[in-house]
Structures are given as C-alpha cells and as structure tokens.
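Numbering of the sequence shown is given in our numbering, commencing with residue 2 and proceeding in unit increments.
We treat Cβ as the ideally placed atom computed from N, Cα and C, and that holds for glycine.
All remarks here apply to the structure that follows.
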Amino acid sequence: MTGRAWGVIAMLALAIVTGTSIWLRCEGVPPEIRAPDQIVIGRAGLEINVGAKDPRSGIKELEVRLRHAGGDAAVFHQSYPGSLPTGAITKPGVPDVVAKLDPKALGLTEGEAFLIIEATDWSWAALFSGNTSVLEVPVRIDLKAPRVSVDTGLTYVKRAGSASVVYRVTEEAPRDGVLVGEAFFKGHPLPGDTDGRRIAIFAIPRDAPANVPIRVVAEDAAGNRGTGSWATRLQERGFNEDTIPLGQGFLTGKVPELADALGLDASDPVAVFQHINREVRAANEAEIRRIVARGTSELAFEGRFLQMRGSKVTSRFAEHRSYIVDGKKVSEAIHYGYDLASTAGAGIEAANAGRVLFADALGIYGNCVILDHGLGVTSLYGHLSRIDVGPGDQVTRGQTLGTSGATGLAGGDHLHFAILVGDTYVDPKEWWDAKWVREHIEARLEPRP
C-alpha cells in the first residue's frame, strides 16, 4: 500500500475519532436530580438534601430556588469545575448539598409553593450551553402550631409513679402526648369519646431532675409544636439501698449456666457476672423498649392489676443494688420491678387483660412474658420456668401465663414483675391499688355527662 493510501486511512481514522468525540460531547441526556417528592416547611424551617449526577459530561451548575407567593427566593447556587473539551472534573456526580429553607430569611407566608431545582451539564448540546434538567417539588408552608387545651385539673404524681391527662388538639398531629423533661409519653384517642379528646398516661422517671417540667405537646407534619400546661404536683420519694452478697454457689452455678446460654467464656465468674449485669442487662433493656413500642392504643385493662397470688415481696421497686464478692463491691444495678415469691413452680397469672407481645427467653429475665394492656401500659413477668402463652394471644385478667422459676439471672424461684408506661418503668404498687387506679386512671376514662 502506498504512502498516500496510508495517509488517507489516517485521515479517515482521525475524522472518525474526531466525529465520535464531538458526537459524545454533544450528548443530549440531561442530568439526573435527587430530591424529596414533596416538602412541608414549618416555623423552624427545614434542611433537605439535593443531589445531581451526569455520568456522561458531568455537572456544570446546580441551582435551587423557592417559588412562592412573594416571588422566587434564591436558596442555593453552585458552579462546578470543568472545561468544554473534557467536561466536568467531578464525574459522574457531585456531593449532595444541604438546602436550608428558613421561612423568615426567605420571607415566606403560609400557602403552597414550589422548590425549583435546576441542574446543567458540561455537554456541547444547545450550542455549548449544555443539557438542563428542571425538577419542581411541591411545597406546603405551614407556620401555625397546633393549639393544645388541657381538660384535666390538678394532678398529683410521685417520682417513679404514673398519672394521666386528657386534652384536645386543634389539628391532626402525627406526634402528641406528654413530655416529662425529655421523656415522651404518647397520647391516644380517649376510648369511647366522640369529641376528639385524647388521653396520655405518663410517668416520672426514677432519675428525673427535681421540679422536672411536665407538659402536653403536639407536633404537626411541618414540625410546629404546640404545648399546654396544667397544674401538677410532683411528690418526691426515696428508694431503698440493698447489698447483695454473691456466694460461691451462685458464681459457680448460676453464672456459668447463664454464660453458657449466652455463649460467654465462664472461666472468670466474677468478670462474667459483671459483663452480664452491665452489657447484657443493657441489651435486654433495649430489647424490652423495642418490644413495648409495638403496643397499641386499644384499651384492654380494667380495674386494678393483680399481685401474684399468695406471694411475698422479696425485693421492691427501684432499689439500688450493690453486688458484693468477698466484701468488695463488684457491680451495681437499679431493680426496676418487684420480686415476688411463693411456692416453687407457682402459677403466674396475667395482672390484667391484654395481648401477648413477647413470650420467650430474654437474657437476664430468663423465660419472660410481656403483655400489652393498651394506652402505653405493659407488664413484664420474668424468670418463669414454663411459658403457656404465645405472641399475639389475647389473655384475660387472672389467666395463667406460665409457672414461676429461676431462669435468667435469678438466685431462686420467684417472679420478677414490672410495669412500664411507655418505655419507663413505674411502681407496680400504684397499679395494684384499686383506689389509685380508679382515681388516677379510670376517672379520666369516664365519658362526659
């Protein structure tokens, strides 16, 4: 082949490469934009993530603006490095940006709006202007907080005790209930009420600060929060201190047994007990919180809760326990329940009507049953030797759940009984008292004349 022919071939190859490059740089696929499908902005404002990508030419420019009744308000604008010959330096996309939507800064008023997101790439299309994508996200601007009115009068509540409040909210609120400091207790429709009233059973955590604020709150979909207060009186109380010696029988018998069930090395019984009493206990408590969160608003309980039949109290609620080995403190814990003892293998009855949320082994609690009684109230039965119910079962007050035992971290046959309101342990002694239940809970559930 002659040199001239090779020259022609080279020129054709160059033309093909050049044409292909131009064709690729003139690609007509617009960038892809990532953003929420819809947005609700409240008084506190909102931050949203916005992203864009373009694997062919790369992103050249990204702009975010809010189109509302007062006009267009600039929210975000950024140009990204690149060049016409090569396209963007940061292919195929750019990091997500945080668009801050501040109602006051943007001069927003209530109503409908659109968030306009515009992304342009480095393509040679449109006479080197690039491909542009525009996404319009519907926005609702809601700057009014729900109004809360409390129907309940003066309320007395003890530290580590329970109480209830009835209230109204002027608009539908995805989240409403009672805040005790930072502890939240969910509200529920007042059973049998046709006037839109709601009820929240709440508690004062054992370790809540003195004079902890107690208020009803309601948050709408935009995050606006309304609050309502009423007269409450916190009654202080103290809690027992208890010292528990760990004998060799417990350390060489019970601890290895539980360690084996948990897959732990039991070569150092004291260290294993410390691990179980700290890490395993914490994991079990976290699991209990996940379980009770599955409770419903449906009221199931009626009247006082039953104490284990013929039982003797061996440990009281919320006592601080120090565990001793050879005269030395090796661990500590708060005992959030009552230990009740009767005869070995005694029948364990449901304290009140409810639905079984959990019926299985649960770490330090051994074989355990948890019942949902509705309105955020649950009861826990630990250390059972046998379980006679299963998850989802509806049980009646006094129905047998199983038999007492010494499973889990138990030194002898007994029942560990606890009541939770929301995810906070409360003193069962109140719920065992018919007068207390009638005056503090049932009186709030009665329909208006």
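| Asked | Found |
| --- | --- |
| Among the candidates PHE251, LEU128, LEU372 and ILE420, whose CA atom is the shortest distance from the CA of THR397? | LEU372 |
| Tell me which same chain residues have a C-beta within less than 6 Å of the C-beta of ALA204, skipping the five on either side of it? | SER163, VAL422, THR425 and VAL427 |
| Relative to the alpha-carbon of GLY227, which residue among SER343, SER150 and LYS105 has its alpha-carbon at the smallest distance? | SER150 |
| State the start and end residues of the unbroken beta strand (DSSP E) segment that holds PHE418. | 416-422 |
| Quick check: the Cα distance between ALA319 and GLY338, rounded to an integer number of angstroms? | 7 Å |
| Rounded to whole angstroms, what is the Cα-Cα separation between ILE245 and VAL170? | 49 Å |
| What residue does the beta strand (DSSP E) around GLN79 start on, and which one ends it? | 72-80 |
| In the DSSP assignment, find the unbroken beta strand (DSSP E) run with ILE365 in it and report its ends. | Here ILE365 belongs to no beta strand (DSSP E), and DSSP marks it neither H nor E. |
| Near LYS101, what residues of its chain come up, given a Cβ to Cβ distance below 6 Å and the 5 sequence neighbours on each side ignored? | GLU48 |
| For ASP73, I'd like the list of residues in its chain whose CB is within less than 8 Å of its CB, leaving aside the five on either flank, ordered along the chain. | ARG66, LEU67 and ILE117 |
| Looking only at its chain, what residues have a beta carbon closer than 6 Å to the beta carbon of SER454, apart from the 5 residues adjacent to it on each side? | There is simply no residue 454 to check, as the chain begins at 2 and stops at 450 in what is shown. |
| So, for ASN50: in the same chain, excluding its five sequence neighbours on each side, which residues have a beta-carbon less than 7 Å away from its beta-carbon? | ASP97 and VAL99 |
| Tell whether a beta-carbon distance below 7 Å holds between HIS384 and THR404. | no |
| With DSSP as the reference, identify every bridge partner of HIS336, one or two as the case may be. | GLU320 |
| Could you tell me the alpha carbon to alpha carbon distance between ARG160 and GLY412, rounded to whole angstroms? | 29 Å |
| Taking all protein chains shown into account, do 16 or more other C-beta atoms lie within 10 angstroms of the C-beta of ILE23, making it buried, or fewer, making it exposed? | In this prediction, ILE23 scores a pLDDT of 48, lower than 50, which makes its location untrustworthy; no coordinate-derived value is stated. |
| With which residues is CYS369 paired in a DSSP beta bridge? | ASP361 |
| Once DSSP output is grouped into helix, strand and coil, what is the label at GLU258? | helix |
| Give the single residue among ILE365, ALA53 and VAL179 whose Cα lies nearest to the Cα of ALA284. | ILE365 |
| For ILE90, does the three-state DSSP call read helix, strand or coil? | coil |
| Confirm, please, whether the CB-CB distance from ALA287 to THR315 is below 7 Å. | no |
| Under the DSSP definition of a beta bridge, which residues are partnered with THR344? | The partner list for THR344 (beta bridge, DSSP) is empty, contrary to what the question assumes. |
| Cβ atoms of VAL271 and VAL179: under 7 Å apart, would you say? | no |
| Let me check understanding here. Comparing Cα to Cα, which of ILE142, GLY399 and TYR382 lies closest to PHE302? | GLY399 |
| Per the DSSP calculation, ASN285 is bridged to which residue(s)? | Paired residues: none, contrary to the question. |
| Is it the case that the CB of GLU28 approaches a heavy atom of the ligand HEM more closely than 6 Å? | Of the ligands one can find in the structure shown there are none, so the ligand HEM has no counterpart to examine. |
| Any idea if ALA146 is buried or exposed, counting beta-carbon neighbours within 10 angstroms, 16 or more meaning buried? | buried |
| State buried or exposed for GLU350, treating a residue as buried only when at least 16 other CB atoms are found within 10 Å of its CB. | buried |
| Give the DSSP-derived three-state secondary structure of ILE292 in the structure shown. | helix |
| So, under 8 Å CB-CB, ILE442 and PRO429 are touching, yes? Tell me the CB distance rounded to an integer number of Å. | Rounded, the Cβ-Cβ distance is 14 Å, inconsistent with contact. |
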